[in-house]
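A.B. asks:
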Amino acid sequence: MEVLVKKSIEQSPFFVVPLFEGKGLKEASQYVDSQTASLIDAVIRSKDFEAKKGTSTLVYSPSGQMPRILLVGLGKEKDISLKGYKEVIGNAVIAAQGKKQTALSIRIPQELEKKFGPYACGYYGALAAMLAEYSFDQHKQKDAQVIPMSSCTFVSQLNGKDEKQLIKGIEEGRLVAGVINDIRHLGNTPPGIMTPTLLSKETVRLSKNIKNVSVNILSLPDIKKLGMGCLLGVSQGSVEEPKFIIVEYKGGAASSKPTVLIGKGITFDSGGLSIKPDAYMSDMKFDMLGAATALGSILAAAKLNVKKNIVALLPSCENMPSGSSYRPDDILIAMNGQSVLVENTDAEGRLILADALCYAHTYNPKDVIDFATLTGACMVALGNERSGLFSPEQSLIEGLLQAGSKAGEYLWHLPLGEEYSEAIKAEVADIKNLGGVGGSRYGGASTAAAFLQYFTEDPKTKKTYPWAHLDLSSCYTGTKGKSYIRGGANGFGVQTMVEYLRG
Ligand code: BES
Ligand code: MG
Ligand code: ZN
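So the numbering used here is basically just the index in the sequence shown, starting at one, shifted up by 1345.
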């Protein structure tokens, strides 16, 4: 989809006019021909549409130039958020596709250009439009597939420097959206296809021809040699080989310490021998979205030429029950020599992340941020519009919360602490993969995070690195999706990380 900017338009098959509640809706008629203007006036007089948040009305005009005008309510000007802006744009694109249109134009209100700045209006506008356009429907019959858009035109009167910023924002927004749609696609691909091996091949494919990016895939013999006993344990019940995928981006000085991103890449989580009940097993193809987010973040940063060194570590395997599966009561030895008692084979994410957190030490990192669909408990706590953020480091907490709010992706700071760390001490090993505070699963998101924290310290040198963990409870929507983004993987976290890495 092309994203264009025009000062005014004479014609458009689908013209979208966002309006503020209580600011007079007359403005809408000034962009259209007189015949269409009188129809809009009639809508306004009827009071059926008052620009309340989340409302819209489609006006059909007999004029050839503007056959469809979508009036969209932004709600009160003081209440509009960047997330709200993105939703309005996304909504408009999906509405246009719903009417089988392949081109649309959207008027960008001056108030928003002022509030968010021209760059952010362009960047997040283009991003939201492209994320909305994407549909995972390649497995449906051709005539049931969503038709791709050819163009989305933003109508803005900005001039000079501001106009340049708007255009720069659009270009960069398109780059990032392209990456996000690619990683959404990995997440949406059925688990029988999206194996660890395919994930590694797709990582190589998506990284090709990006300046300063290299990929190294560690296979079974390398993983054994490195002593990644936790990753090996989780993967041993599957016929699919595990992979440990390493992506490196050298955008900074050779001497500058890298930010290491780690992503959980379980391509299907059946629970293993602690098998999930059927209702909880569907959607578990999305259990590699932490890896997808880490991959999307490094590739987006590389495409934007961020002047930093970044590494992404993606441990990937399948969690399956079989005669060769790891069992509850097994003790696994992580790469750093620590022993882990398996109490539940469904708490597998923290295990594969443990080995990656150990491996991260080899980079002497500036900071380490991991992404994982780690616990149902986090979703119970926050719902699926926000993700949980855990870190012992105040500056990382603040930096990530700020990046999230700048990107219109919301995070919420949840606790680590001694009671959670206590809860995962084991009788027969150094640590166990299950624990609760006051009840076997109480505080499950925090005991999972405490388990990860344990591996941020090198047991020999006692060295730790600044670390944060994002429990991605909102990385996918249900099958139905939302009005501004379709169902399936939504790429949550990449926009936040781009803000964080750029900042
Ligand atoms: N992949 C799941 C967590 C999950 C559940 C993500 C629902 C998204 C939606 C994870 O591996 C898991 O199974 N966690 C268990 C942990 C428990 C056994 C301590 C859970 O949350 O029930
Ligand atoms: Mg599990
Ligand atoms: Zn899982």
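We treat Cβ as the ideally placed atom computed from N, Cα and C, and that holds for glycine. This structure is a prediction, so every number in the text was calculated from the model and none was measured.
Who are leucine 1416's beta bridge partners in DSSP?
C.D. replies: In DSSP, leucine 1416 forms a bridge with Val1362 and Thr1402.
A.B. asks: Which complete beta strand (DSSP E) runs does the segment 1520-1574 hold, if anything under 3 residues is left out?
C.D. replies: List check, beta strand (DSSP E) in window: 1558-1563.
A.B. asks: From the DSSP output, which residues share a beta bridge with serine 1619?
C.D. replies: None, per the DSSP bridge assignment.
A.B. asks: Quick one: grab the DSSP three-state call for isoleucine 1590.
C.D. replies: It is a strand residue.
A.B. asks: Out of Lys1546, Ala1440 and Val1713, which one is the CA nearest neighbour of phenylalanine 1800?
C.D. replies: Phenylalanine 1800 has its Cα closest to that of Val1713, out of Lys1546, Ala1440 and Val1713.
A.B. asks: How close, in whole Å, do the beta carbons of threonine 1718 and leucine 1634 come, if the pair is a contact with beta carbons under 8 Å?
C.D. replies: At roughly 6 Å, the Cβ-Cβ gap stays under 8 Å, so threonine 1718 and leucine 1634 are in contact.
A.B. asks: Quick one: does the C-beta of aspartate 1482 sit closer than 7 Å to a heavy atom of the ligand BES?
C.D. replies: Every heavy atom of the ligand BES is 7 Å or more from the Cβ of aspartate 1482, so no.
A.B. asks: Cβ atoms of threonine 1381 and isoleucine 1414: under 8 Å apart, would you say?
C.D. replies: Yes; because the gap between Cβ atoms is below 8 Å, this pair is in contact.
A.B. asks: Could you check how far apart the C-beta atoms of valine 1843 and alanine 1645 are, in whole angstroms? I think they sit under 8 Å.
C.D. replies: Valine 1843 to alanine 1645, Cβ: 5 Å. Contact.
A.B. asks: Got a sec, what are the start and stop residues for the beta strand (DSSP E) threonine 1320 sits in?
C.D. replies: Outside the modelled stretch of the chain, which goes from 1346 to 1848, sits residue 1320, for which no answer is possible.
A.B. asks: Can you list, in chain order, the residues of its chain with a C-beta nearer than 7 Å to that of serine 1374? Leave out the 5 residues immediately preceding and following it.
C.D. replies: Excluding sequence neighbours, serine 1374 sits near Ala1382, Ile1385 and Asp1386.
A.B. asks: Let me make sure I understand the geometry here. Which of Lys1398, Gly1823, Pro1811 and Lys1351 has the alpha-carbon closest to that of proline 1363?
C.D. replies: When only C-alpha atoms are compared, the closest one is Lys1398.
A.B. asks: Let me know the beta strand (DSSP E) ranges lying completely inside the segment 1468-1508, each 3 residues or longer, listed in chain order.
C.D. replies: Correct list: 1496-1500.
A.B. asks: What is the chain-ordered set of residues for which the beta carbon lies under 5 Å from any non-hydrogen atom of the ligand BES?
C.D. replies: With the cut-off at 5 Å, the residues found are Asp1614, Asp1632, Asn1689, Asp1691, Ala1692, Gly1694, Thr1718, Thr1720 and Gly1721.
A.B. asks: Within the same chain, show all residues whose beta-carbon is closer than 8 Å to that of valine 1773, passing over the 5 residues directly before and after it, in chain order.
C.D. replies: Closer than 8 Å at the Cβ level, and outside the excluded window around valine 1773, lie Ile1676 and Leu1686.
A.B. asks: Would you kindly work out how many angstroms separate the C-alpha atoms of asparagine 1664 and glycine 1789, rounded to a whole number?
C.D. replies: So the two alpha carbons sit approximately 20 Å from each other.
A.B. asks: Which residue wins for smallest C-alpha separation from tyrosine 1810, given the options Phe1837, Ser1828, Phe1716 and Cys1703?
C.D. replies: For tyrosine 1810, the nearest C-alpha among the options comes from Cys1703.
A.B. asks: Exposed or buried, what is alanine 1624 when buried is set at 16 or more other beta-carbons lying within 10 Å of its beta-carbon?
C.D. replies: So alanine 1624 ends up on the exposed side.
A.B. asks: Below 8 Å, can you find three or more Cβ-Cβ pairs linking the segment 1649-1660 to the segment 1594-1607?
C.D. replies: Yes: at least three Cβ pairs fall under 8 Å.
A.B. asks: Which residues in the same chain have their Cβ closer than 6 Å to the Cβ of alanine 1637, if we skip the five residues on either side of it in sequence?
C.D. replies: So the qualifying residues of the chain are Ile1528, Leu1531 and Gly1532.
A.B. asks: Which runs of the alpha helix (DSSP H), 4 residues or longer, sit entirely within the segment 1739-1799?
C.D. replies: Complete alpha helix (DSSP H) runs here, min 4: 1739-1752, 1763-1768 and 1789-1799.
A.B. asks: Excluding sequence positions up to five away, which residues of its chain have a Cβ less than 7 Å from the Cβ of methionine 1724?
C.D. replies: The answer, listed in chain order, is Ser1818.
A.B. asks: Quick check on glutamate 1458: buried or exposed, where buried means 16 or more other Cβ atoms within 10 Å of its Cβ?
C.D. replies: By the neighbour-count rule (16 or more Cβ atoms within 10 Å), glutamate 1458 is buried.
A.B. asks: In angstroms, rounded to a whole number, what distance separates the CA positions of alanine 1748 and valine 1592?
C.D. replies: Using only the alpha carbons, I get a separation of about 23 Å.
A.B. asks: So is alanine 1489 buried or exposed if we call it buried at 16+ other beta carbons inside 10 Å?
C.D. replies: Classification for alanine 1489: exposed.
A.B. asks: Where do the ends of the alpha helix (DSSP H) carrying alanine 1679 lie?
C.D. replies: Segment: none, alanine 1679 is in no alpha helix (DSSP H) and carries neither H nor E.
A.B. asks: Specify whether the segment 1602-1615 and the segment 1557-1568 touch according to this definition: at least 3 beta carbon pairs, one from each stretch, less than 8 Å apart.
C.D. replies: No contact exists between the segment 1602-1615 and the segment 1557-1568.
A.B. asks: Once DSSP output is grouped into helix, strand and coil, what is the label at phenylalanine 1461?
C.D. replies: It is helical.
A.B. asks: Do serine 1564 and lysine 1588 have their CB atoms nearer than 8 Å?
C.D. replies: Yes. Within cutoff.
A.B. asks: Tell me whether the beta-carbon of leucine 1659 lies closer than 8 Å to the beta-carbon of alanine 1639.
C.D. replies: Yes, the Cβ-Cβ distance between leucine 1659 and alanine 1639 is below 8 Å.
A.B. asks: When burial is assigned at 16 or more other CB atoms within 10 Å of the CB, is isoleucine 1492 buried or exposed?
C.D. replies: Classification for isoleucine 1492: exposed.
A.B. asks: Mapping the DSSP letters down to three states, classify tyrosine 1708 as helix, strand or coil.
C.D. replies: Three-state DSSP puts tyrosine 1708 in a helix.
A.B. asks: With DSSP as the reference, identify every bridge partner of arginine 1731, one or two as the case may be.
C.D. replies: Paired residues: Tyr1755.
A.B. asks: Check phenylalanine 1613 in the structure and name its three-state DSSP category.
C.D. replies: Of the three classes helix, strand and coil, the one that applies to phenylalanine 1613 here is strand, per DSSP.
A.B. asks: Cβ-heavy atom distance between isoleucine 1611 and the ligand ZN below 7 Å?
C.D. replies: Yes, Cβ of isoleucine 1611 sits closer than 7 Å to a heavy atom of the ligand ZN.
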